[in-house]
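Each remark here refers to the structure printed beneath this line.
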Amino acid sequence: MEKEDQQYNISKPSEAPVLNISGKVEPKRNPPRSRGKKQPAAVPSTISVVPEQPKINPTTFPYIMGRVLLKTNDPPAAVPKVNPSDFRQFLCVLPLEKPACRKRAYHLFISNQNELENDSQNVRKIYENRKDIKIGEQIHLDALCARSLYHRVQNKLTDVQWNKQRNIFETEKIGERDVWNMSQKLYQFENEEREKLINFAKFLVATNS
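Letter by letter, the sequence shown follows residues 999 to 1207 of this note's numbering.
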(Lines of atoms letter the chains of each structure in order from A and count residues from 1; the text may use other names and numbers.)
(Lines give C-alpha, C1' and ligand atoms only; values in the text may rest on other atoms or scores of the structure.)
Protein backbone atom coordinates (compact mmCIF):
# COMPACT_ATOMS: atom_id res chain seq x y z
CA MET A 1 0.00 0.00 0.00
CA GLU A 2 2.79 2.45 0.88
CA LYS A 3 4.57 1.60 -2.34
CA GLU A 4 1.46 2.45 -4.34
CA ASP A 5 1.18 5.83 -2.56
CA GLN A 6 4.82 6.60 -3.28
CA GLN A 7 4.38 5.69 -6.92
CA TYR A 8 1.26 7.83 -7.08
CA ASN A 9 3.06 10.84 -5.61
CA ILE A 10 5.98 10.47 -7.99
CA SER A 11 3.83 10.07 -11.05
CA LYS A 12 1.45 12.94 -10.07
CA PRO A 13 1.95 15.77 -12.56
CA SER A 14 2.70 19.26 -11.26
CA GLU A 15 -0.03 21.86 -11.39
CA ALA A 16 -0.13 23.91 -14.58
CA PRO A 17 0.81 27.63 -14.17
CA VAL A 18 -2.07 30.09 -14.18
CA LEU A 19 -2.00 32.34 -17.20
CA ASN A 20 -2.43 36.12 -16.63
CA ILE A 21 -4.83 37.07 -19.41
CA SER A 22 -5.78 40.45 -17.87
CA GLY A 23 -2.51 42.09 -18.89
CA LYS A 24 -1.84 43.45 -15.39
CA VAL A 25 1.62 43.06 -13.98
CA GLU A 26 1.41 41.51 -10.58
CA PRO A 27 3.92 43.09 -8.16
CA LYS A 28 6.45 40.82 -6.66
CA ARG A 29 5.76 40.11 -3.06
CA ASN A 30 8.64 40.12 -0.65
CA PRO A 31 8.84 37.17 1.66
CA PRO A 32 7.40 37.87 5.10
CA ARG A 33 9.87 39.05 7.69
CA SER A 34 10.46 36.83 10.60
CA ARG A 35 9.51 38.53 13.82
CA GLY A 36 11.94 38.75 16.67
CA LYS A 37 15.01 38.69 14.49
CA LYS A 38 17.02 41.91 13.98
CA GLN A 39 18.62 42.73 10.71
CA PRO A 40 22.42 42.74 10.86
CA ALA A 41 23.89 46.24 11.20
CA ALA A 42 25.47 47.73 8.09
CA VAL A 43 29.22 47.59 8.10
CA PRO A 44 30.66 51.15 7.76
CA SER A 45 32.73 51.71 4.68
CA THR A 46 36.45 52.03 5.28
CA ILE A 47 37.08 53.75 1.92
CA SER A 48 38.13 57.40 2.43
CA VAL A 49 36.34 59.93 0.26
CA VAL A 50 38.79 62.10 -1.63
CA PRO A 51 37.40 65.59 -2.41
CA GLU A 52 37.12 66.38 -6.06
CA GLN A 53 39.89 68.59 -7.35
CA PRO A 54 38.44 71.91 -8.57
CA LYS A 55 39.27 73.43 -11.90
CA ILE A 56 41.81 76.23 -11.78
CA ASN A 57 40.33 79.66 -12.39
CA PRO A 58 40.37 83.01 -10.55
CA THR A 59 37.48 81.87 -8.36
CA THR A 60 38.82 78.47 -7.31
CA PHE A 61 42.49 79.43 -7.03
CA PRO A 62 42.20 80.58 -3.37
CA TYR A 63 40.62 77.22 -2.48
CA ILE A 64 43.46 75.34 -4.16
CA MET A 65 46.08 77.39 -2.33
CA GLY A 66 44.24 76.73 0.92
CA ARG A 67 44.47 73.00 0.34
CA VAL A 68 48.15 73.14 -0.58
CA LEU A 69 49.45 75.64 1.99
CA LEU A 70 46.93 75.48 4.83
CA LYS A 71 45.89 71.84 4.32
CA THR A 72 42.23 72.63 4.75
CA ASN A 73 39.10 72.41 2.63
CA ASP A 74 37.44 75.37 4.32
CA PRO A 75 36.85 78.28 1.94
CA PRO A 76 38.87 81.45 2.63
CA ALA A 77 37.27 84.54 4.05
CA ALA A 78 35.57 86.76 1.51
CA VAL A 79 37.73 89.62 0.28
CA PRO A 80 35.97 92.99 0.46
CA LYS A 81 35.29 94.51 -2.91
CA VAL A 82 37.39 97.55 -3.69
CA ASN A 83 36.32 100.10 -6.23
CA PRO A 84 39.38 101.85 -7.69
CA SER A 85 37.31 104.95 -8.44
CA ASP A 86 36.88 105.51 -4.68
CA PHE A 87 40.53 106.60 -4.54
CA ARG A 88 40.29 109.23 -7.30
CA GLN A 89 41.23 112.72 -6.15
CA PHE A 90 40.27 116.00 -7.74
CA LEU A 91 41.46 119.58 -7.55
CA CYS A 92 38.29 121.55 -8.27
CA VAL A 93 38.17 125.16 -9.42
CA LEU A 94 34.95 127.20 -9.40
CA PRO A 95 35.24 130.25 -11.70
CA LEU A 96 33.51 133.44 -10.51
CA GLU A 97 32.96 136.73 -12.28
CA LYS A 98 32.64 140.17 -10.68
CA PRO A 99 31.14 142.37 -13.42
CA ALA A 100 31.14 145.59 -11.36
CA CYS A 101 34.92 145.64 -10.86
CA ARG A 102 35.77 143.69 -14.03
CA LYS A 103 37.57 140.92 -12.16
CA ARG A 104 37.49 137.15 -12.16
CA ALA A 105 37.98 134.93 -9.12
CA TYR A 106 38.72 131.21 -8.85
CA HIS A 107 37.82 129.17 -5.77
CA LEU A 108 40.01 126.07 -5.30
CA PHE A 109 39.12 123.03 -3.19
CA ILE A 110 40.09 119.36 -2.97
CA SER A 111 37.60 116.50 -3.21
CA ASN A 112 37.33 112.80 -4.10
CA GLN A 113 35.03 110.58 -6.12
CA ASN A 114 32.57 109.92 -3.29
CA GLU A 115 32.35 113.49 -1.96
CA LEU A 116 32.67 115.42 -5.21
CA GLU A 117 28.99 116.23 -5.66
CA ASN A 118 28.44 117.30 -2.05
CA ASP A 119 31.62 119.39 -1.93
CA SER A 120 30.72 121.13 -5.18
CA GLN A 121 27.24 122.01 -3.94
CA ASN A 122 28.59 123.35 -0.65
CA VAL A 123 31.03 125.66 -2.42
CA ARG A 124 28.38 126.93 -4.86
CA LYS A 125 26.03 127.73 -1.99
CA ILE A 126 28.56 130.27 -0.71
CA TYR A 127 27.98 132.44 -3.80
CA GLU A 128 24.39 131.62 -4.82
CA ASN A 129 22.92 134.61 -2.96
CA ARG A 130 25.63 137.03 -4.06
CA LYS A 131 24.09 139.36 -6.64
CA ASP A 132 27.47 140.87 -7.50
CA ILE A 133 28.94 137.50 -8.55
CA LYS A 134 28.23 135.26 -11.52
CA ILE A 135 29.03 131.57 -11.08
CA GLY A 136 30.73 129.77 -13.97
CA GLU A 137 31.20 126.11 -14.90
CA GLN A 138 33.35 124.18 -12.45
CA ILE A 139 36.72 122.76 -13.54
CA HIS A 140 37.83 119.29 -12.35
CA LEU A 141 41.48 118.30 -12.41
CA ASP A 142 41.93 114.52 -12.02
CA ALA A 143 45.11 114.28 -9.96
CA LEU A 144 47.20 111.42 -8.61
CA CYS A 145 47.76 113.57 -5.53
CA ALA A 146 45.36 116.50 -5.32
CA ARG A 147 47.20 118.18 -2.45
CA SER A 148 50.50 118.13 -4.32
CA LEU A 149 48.81 119.63 -7.39
CA TYR A 150 47.21 122.24 -5.14
CA HIS A 151 50.65 123.35 -3.92
CA ARG A 152 51.97 123.47 -7.48
CA VAL A 153 49.15 125.81 -8.53
CA GLN A 154 49.81 128.05 -5.53
CA ASN A 155 53.52 128.23 -6.31
CA LYS A 156 53.22 128.63 -10.09
CA LEU A 157 50.53 131.33 -10.17
CA THR A 158 52.55 134.29 -8.99
CA ASP A 159 50.90 136.94 -11.19
CA VAL A 160 47.51 136.69 -9.42
CA GLN A 161 46.19 138.01 -6.12
CA TRP A 162 45.65 135.32 -3.47
CA ASN A 163 43.54 135.65 -0.34
CA LYS A 164 44.94 134.88 3.12
CA GLN A 165 43.81 131.23 3.03
CA ARG A 166 45.35 130.88 -0.45
CA ASN A 167 42.32 129.02 -1.76
CA ILE A 168 40.91 131.91 -3.86
CA PHE A 169 42.79 134.06 -6.34
CA GLU A 170 41.69 136.99 -8.51
CA THR A 171 42.69 138.14 -11.99
CA GLU A 172 41.73 141.01 -14.25
CA LYS A 173 38.91 140.34 -16.70
CA ILE A 174 40.38 140.51 -20.20
CA GLY A 175 37.85 138.73 -22.38
CA GLU A 176 35.37 135.87 -22.72
CA ARG A 177 38.15 133.29 -23.05
CA ASP A 178 39.70 134.05 -19.67
CA VAL A 179 38.28 130.95 -17.99
CA TRP A 180 39.31 128.70 -20.88
CA ASN A 181 42.85 130.10 -20.85
CA MET A 182 43.08 129.55 -17.09
CA SER A 183 41.81 125.97 -17.43
CA GLN A 184 44.52 125.22 -20.03
CA LYS A 185 47.16 126.56 -17.67
CA LEU A 186 45.80 124.39 -14.84
CA TYR A 187 45.77 121.29 -17.07
CA GLN A 188 49.41 122.00 -17.89
CA PHE A 189 50.20 122.03 -14.17
CA GLU A 190 48.35 118.73 -13.85
CA ASN A 191 50.48 117.09 -16.57
CA GLU A 192 53.67 118.42 -14.98
CA GLU A 193 52.66 117.06 -11.58
CA ARG A 194 51.78 113.66 -13.03
CA GLU A 195 55.10 113.49 -14.88
CA LYS A 196 56.96 114.40 -11.70
CA LEU A 197 55.29 111.61 -9.71
CA ILE A 198 55.92 109.05 -12.47
CA ASN A 199 59.60 109.98 -12.67
CA PHE A 200 59.86 109.71 -8.90
CA ALA A 201 58.34 106.21 -9.03
CA LYS A 202 60.84 105.22 -11.74
CA PHE A 203 63.67 106.52 -9.56
CA LEU A 204 62.52 104.38 -6.64
CA VAL A 205 62.40 101.28 -8.85
CA ALA A 206 65.83 101.95 -10.37
CA THR A 207 67.48 102.46 -6.98
CA ASN A 208 65.55 99.65 -5.24
CA SER A 209 64.42 102.15 -2.62
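A virtual CB, placed ideally from N, CA and C, is assigned to each residue, including glycine.
_Range of the contiguous beta strand (DSSP E) that encloses R1102_ = K1101 to N1110
*Taking I1131 as the reference, give the member of F1088, D1157, L1155 and C1099 with the closest Cα.*
Taking I1131 as reference, the option from F1088, D1157, L1155 and C1099 with the minimal CA-CA separation is C1099.
*Span separating the alpha-carbon of E1135 from that of R1122*: 10 Å
*For the beta strand (DSSP E) containing K1171, list its first residue and its last residue.*
Segment: none, K1171 is in no beta strand (DSSP E) and carries neither H nor E.
_Assumed close pair M1180, Y1104 - CB separation to whole angstroms, cut-off 8 Å_ = 7 Å
*Measure the alpha-carbon distance for K1129 versus Q1182 and round it to whole angstroms.*
28 Å
*Using a Cβ-Cβ cut-off of 8 Å (strictly less than) and excluding sequence neighbours within five positions of R1086, which residues of its own chain qualify?*
N1110, Q1111 and D1140
*Classify P1093 as buried or exposed, calling it buried when 16 or more other Cβ atoms lie within 10 Å of its own Cβ.*
buried
*the ligand ZN heavy atoms versus the CB of F1088: any closer than 8 Å?*
The model depicted lacks the ligand ZN and carries no ligand whatsoever.
*With DSSP run on the structure shown, which of helix, strand or coil describes K1162?*
coil
*asked:* Suppose contacts are defined by Cβ-Cβ distances below 9 Å. Is V1177 in contact with F1167 by that definition?
replied: no
_To the nearest angstrom, how far is the alpha carbon of Q1163 from that of T1169?_
17 Å
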